[in-house]
Structure formats: structure tokens, C-alpha cells
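Below you'll find the structure, written out as C-alpha cells, and then a few comments.
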Amino acid sequence: AAAALLVDPESSSSSDDDGTAMTPSISGKVGEDQYHLSTSHAGDYYHEDVINVGETIRLSGINLSHPLFIEVSQHLQTAGADSILRTSPVQLDLQKLQTGMNRKGSTSLKELILDLGDNCDCLVHVSLDRATKMPLCTIYSPYWLINKTGMKLEYSVVGPNDGVKRYLDSGAGGLPVLMHCGKSDETNATFDQGSRQLSIIPLECPREEVARNWWDESTNGKLVLKKTAIVDGYSHLVDWCTRINLDQAGTDGEVHSDWYVLQAQIESLAGAFHRSNLIKIAPRFIVKNSLHISISILPLVGSPHDVRKMATYLRENLNESEEKLLIHLLQGESTIIYNFNKCHHTANNSYRWVAFRVNARRFGATFKCKWHMVPLDVMASNLFGE
Numbered sequence: 026a027a028a029a030l031l032v033d034p035e036s037s038s039s040s041d042d043d044g045t046a047m048t049p050s051i052s053g054k055v056g057e058d059q060y061h062l063s064t065s066h067a068g069d070y071y072h073e074d075v076i077n078v079g080e081t082i083r084l085s086g087i088n089l090s091h092p093l094f095i096e097v098s099q100h101l102q103t104a105g106a107d108s109i110l111r112t113s114p115v116q117l118d119l120q121k122l123q124t125g126m127n128r129k130g131s132t133s134l135k136e137l138i139l140d141l142g143d144n145c146d147c148l149v150h151v152s153l154d155r156a157t158k159m160p161l162c163t164i165y166s167p168y169w170l171i172n173k174t175g176m177k178l179e180y181s182v183v184g185p186n187d188g189v190k191r192y193l194d195s196g197a198g199g200l201p202v203l204m205h206c207g208k209s210d211e212t213n214a215t216f217d218q219g220s221r222q223l224s225i226i227p228l229e230c231p232r233e234e235v236a237r238n239w240w241d242e243s244t245n246g247k248l249v250l251k252k253t254a255i256v257d258g259y260s261h262l263v264d265w266c267t268r269i270n271l272d273q274a275g276t277d278g279e280v281h282s283d284w285y286v287l288q289a290q291i292e293s294l295a296g297a298f299h300r301s302n303l304i305k306i307a308p309r310f311i312v313k314n315s316l317h318i319s320i321s322i323l324p325l326v327g328s329p330h331d332v333r334k335m336a337t338y339l340r341e342n343l344n345e346s347e348e349k350l351l352i353h354l355l356q357g358e359s360t361i362i363y364n365f366n367k368c369h370h371t372a373n374n375s376y377r378w379v380a381f382r383v384n385a386r387r388f389g390a391t392f393k394c395k396w397h398m399v400p401l402d403v404m405a406s407n408l409f410g411e
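If you're matching positions, the sequence shown starts at 26 in the numbering used here and goes up one per residue.
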């Protein structure tokens, strides 16, 4: 929710001609919209209210021949009391619009930046409503990024003439990061239009306490995570992924940060949020044990010839260090695969596989379990498993 403060700086009373450029006086509720009259007198306009998510508040009595100033804050509650941190005033030049006595004005204003604090960058869009020909002010964030990877991520955004901007996302809150990806973060600055591109790098190992924010245990079972190194000493073992165009709604694909594999999906929101794109960063591969006994899995990458040799090797010569790479799943448990262990030694094409064994000791402790290989990539025209 956001609290809004609206002020018209002109203190002089309006003339009869100016009266034709006033918004109509309407009070009461119509549908889900809220209608409010000014609480001030003379020529000033003042109103303060709380705007809920996706809600529209209609204000009457505003002089359209003068600028309108808006202050906005996130409506926070701390220790049982409301905490109000307002932005700097945003100046809306309503006199430049094609309303009232101004027939040569424009149908919309340039979008302005509104900084609401960490991880909440917004824009202010003002245009004429087609039905009423009255100014419509929309506060929105063009890009919503949701981190469902279970790890801390850093975002790098590049736009036209914007340079590079960085964002940190702990993923711990389970909430999206709202960003406009503009060059400036200062409220009232003009927003430059153009496509934005996003690059991602993992900063920390996956953690179960972070993944629980979005993991549905009733459907997917208990989550088991295998920690994999991100940093070796002071150097990163992963790098920035290939840039993603944030405006290509309806697309999804894999995100590769060296040997870390994630998935990005971009979709346009609807209804009150139709100006925004939702970008979801999530795991690419999830394995669930639906058997009645436990299994052990090992993600691999290599050619069919290489993995067949690896299956024989794992059955006969699995050592203690390789045993530590295995992920053990009890009945109903699931795990996320972030990376794959290399086993290719030939020049043939490499594919990704999940090797698994059933941990059954039906023939005594000396029995060696057979390893099965399930390919995760399309091979020729077939996708098969054993």
C-alpha cells in the first residue's frame, strides 16, 4: 500500500475561465474506485490517503491549468505504529495536457522516476483517460523480479545510455524486487525509454531456509539440497550469465552462470498491472523420489558412450570422494539440480543426465547396485529414459 500527498502550489483563487479546467466534483463510491473532494479551501488542493494494491482513487476539484505535486511513501507498519518515509515531491505538469481550455496540449507526459526505497523503484505515468478525457496518474514498476532459486543473486542491468546498474536479491523475503532499470534513481528525474537487459550471478550456495519461502512441501515433498561451492577462496567459480531482454514477454529459457543452470521466464501481467513484466528466476531441474524406497542420484554431463562407461564405473569402483557427490533421497523427497559433473572424454556431443541407483540391499551388503541413466536433453528426435 502507498500513502499519497497531493499539493497544488497555486494559492490564488481560480477565475471563471479557470473553472472550466477543473476536474468534476464527484463524491461517494462508484464500483471499486474511491472518489474524494479536496480537504483544503481557497485555490489550494490538498489530499492524503492510503492507496491499496491495484486500487484507483479519483480526486475532484484539481485545477488542470497548474502543476500538481505528489509525495508517495510505502505504507509500513513497525512495532505496531505506522512508519511514513515520503519521497521528494513529483511535479506533474497538468497544464501541458490536452484538457480544459488547452486544446493544443499532449495526450501524455514523460514518465518520471519515483524512488520508494531499497528494491522498490517505480515510475509515474500520466495520460488522458479515453472515456473521461481527465488525467490518469499511474504509479507502477515496469519489471518485477522474483528469485525462486533458493540462493542469493546479484543482478546487472544495462539500458540505452544508462550504463550498468546493480541490484542485490537475498531471496529470503519471498517478495519480488521492483525495478525500472533507469540511469537515475532520483525522484522526479525523466525516465529514458528503451529495452533493458539483465544479467545474473549467484553469490551464495543454495540454502533450505531461503528456498522454503516458495517451496510447496505438501506437493513436492521435503526439499533436500546439496551444497555446491560458489567461491573458492577469494575468487568466484561462477560468472555472469548471458544477458536477458526484459521486454521479451512470453519467452523462457535456461540461464547459464558457468556450470550453474537456472531458468528465466518473462510474462506480461494483466489487469491493473498490465504495464509490468514479471521475470521469474527459478531452478531448471527438480528431481523427486516417488518410489517406496530411497535412491541416490548423481547429475552428469557427457556423451552416451561416456555415461555408459560411467555407469559401469560407479557400480564397480565408487570411492569415498565420489560418494560425497551423491544426493540421497528418501521416499517423497525432492532435490534441485544446479550443476552437473563432467564425465566426457570424447569429441562427441555432450548431454545432461541424471544417474540414479535404488538403495536396496536385497542380496546382502556386498551386492553392488546398478546405475540407471536418464537423459535430460533431447537426443536426436527422442527423449528417453531407462
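Beta carbons are placed, not taken as given, at the ideal position from N, Cα and C, and that holds for glycine.
**Prompt:** Of all the alpha helix (DSSP H) runs that stay within the bounds of the stretch 71-141, which reach a length of 4 or more residues?
**Reply:** The stretch 71-141 contains no whole alpha helix (DSSP H) run of 4 or more residues.
**Message:** Can you tell me whether Asp331 is helix, strand or coil according to DSSP?
**Reply:** Looking at Asp331 - three-state DSSP - the assignment turns out to be helix.
**Buried versus exposed, by CB contacts within 10 Å (16 or more), Thr360** = Result: buried.
**Request:** Give the straight-line distance between the Cα atoms of Glu279 and Asn172, rounded to the nearest whole angstrom.
**Result:** If you take the alpha carbons of Glu279 and Asn172, they lie about 15 Å apart.
**Start and end residues, alpha helix (DSSP H) containing Ala289** = Going by DSSP, Ala289 is part of no alpha helix (DSSP H) but of the beta strand (DSSP E) stretching over 285-293.
**Request:** Can you tell me which of Lys121, Ala385, Leu117, Val202 puts its alpha carbon nearest to the alpha carbon of Ile320?
**Result:** The shortest Cα separation from Ile320 among Lys121, Ala385, Leu117, Val202 belongs to Ala385.
**Message:** By the three-class DSSP mapping on this structure, what secondary structure does Glu347 have?
**Reply:** Glu347: helix per DSSP, three-state reduction.
**Message:** Can you look up Ser243 in the DSSP assignment and give me helix, strand or coil?
**Reply:** In the three-state reduction of the DSSP assignment, Ser243 falls in the helix class, which pools H, G and I.
**Message:** Within the continuous alpha helix (DSSP H) that includes Val235, where are the two ends?
**Reply:** 233-236 is the extent of the alpha helix (DSSP H) around Val235.
**Asked** Can you check whether the CB of Asn270 is closer than 9 Å to the CB of Arg221?
**Response** Yes, they are a contact pair.
**Request:** Could you tell me the distance, in whole angstroms, from the CA atom of Lys305 to the CA atom of Glu292?
**Result:** Cα atoms of Lys305 and Glu292: separation of roughly 9 Å, rounded to the nearest angstrom.
**Message:** Helix, strand or coil for Arg11? Go by DSSP, reduced to three states.
**Reply:** Absent from the model: residue 11. The displayed extent of the chain is 26 to 411, so no value can be given.
**Message:** If you reduce the DSSP assignment to three classes, tell me which class Tyr338 lands in.
**Reply:** When secondary structure is reduced to three states using DSSP, Tyr338 falls in the helix class.
**Request:** For Gly199, count neighbouring Cβ atoms within 10 angstroms of its own Cβ and tell me buried if that reaches 16, exposed if not.
**Result:** Around the beta carbon of Gly199, fewer than 16 other beta carbons sit within 10 angstroms, so the residue counts as exposed.
**Message:** Checking 9 Å against the spacing of the C-beta atoms, do Leu203 and Asp272 come in under that value?
**Reply:** Contact: no.
**Asp140 versus Thr132, Ala156, Thr112, Arg155, residue with shortest Cα-Cα distance** = It is Thr112 whose Cα lies nearest to the Cα of Asp140.
**Item:** Reduced DSSP category for Ala214 - H, G, I as helix; E, B as strand; rest coil
**Value:** Correct three-state label for Ala214: coil.
**Helix, strand or coil at Ala380 according to DSSP, with G and I counted as helix** = Ala380: strand per DSSP, three-state reduction.
**Cβ-Cβ separation, Trp265 to Ser425 (assumed contact under 8 Å), whole Å** = Residue 425 lies beyond the stretch modelled for the chain, which goes from 26 to 411, so this question has no answer here.
**Message:** Given this structure, state the Cα-to-Cα distance separating Leu119 from Pro160, to the nearest angstrom.
**Reply:** For the pair Leu119 and Pro160, the Cα-to-Cα distance works out to about 8 Å.
**Item:** Closest residue to Leu148 among Ser301, Gly357, Ser315, Arg191 (Cα-Cα distance)
**Value:** Comparing C-alpha distances from Leu148 to each of Ser301, Gly357, Ser315, Arg191 shows the shortest one belongs to Ser301.
**Message:** Considering only the alpha carbon of each residue, which of Glu136, Val78, Ser152 lies closest to Leu89?
**Reply:** The option with the nearest alpha carbon to Leu89 is Ser152.
**Request:** Rounded to whole angstroms, what's the CA-CA distance from Val115 to Leu193? Just pull it up for me.
**Result:** Computed Cα separation, rounded: 27 Å.
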